[in-house]
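Below is one structure, written out as structure tokens, with a few remarks after it.
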Amino acid sequence: MASPLLRYQLFLSIGIVFLAIWKASLSSLDSIKSSHHIFESSTIIEPLVTYLPVWAILSLGVYALFSVLYRVATFGDCPKAADELGKQIIEAKGKLKAAGFAF
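In this text, residue positions in the sequence shown follow my numbering: the first is 78, and each later residue adds one.
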């Protein structure tokens, strides 16, 4: 039975596949430009293919930013944990006062 891939192995595999596809498309850029008649001018395709890794990193950064913002916005309150933390703070202050610290 094969063990599942570790996270770094998964990212490394995806990165290698992405770089191989990018390298192949970069080396055959002329044939890509001549075969795509969707765009009136082929000047759009060249910067898109050339800077594809930059666009990928920027896209991942934007995704990470919005996923963190979403998680923070939908973070649930934990009243029991807040009460427990308040009790621990009061207890710690009492121990520190007994040790000679003033608040």
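We put the CB at the ideal spot given by N, CA and C, even for glycine.
The structure presented is a predicted model; accordingly, all values stated were derived computationally and were not measured.
For residue i, the first and last residue of its enclosing alpha helix (DSSP H)
i	result
Y147	L129 to A150
Assigned secondary structure, residue i (DSSP; H/G/I helix, E/B strand, else coil)
i	result
A176	coil
S112	helix
I181	Residue 181 falls outside the range modelled here, since the chain spans only 78 to 180, and no answer is possible.
G92	helix
L83	coil
L171	Reading off the sequence shown, one finds Gly at residue 171, where the question assumed Leu. In this structure, G171 counts as helix in the three-state DSSP scheme.
S104	helix
D154	coil
Beta-carbon proximity list for residue i, same chain, < 8 angstroms, skipping 5 on both sides
i	result
S90	L82
A133	F95
Contacting residues, own chain, Cβ-Cβ under 7 angstroms from residue i (five flanking each side not counted)
i	result
L106	E123 and V126
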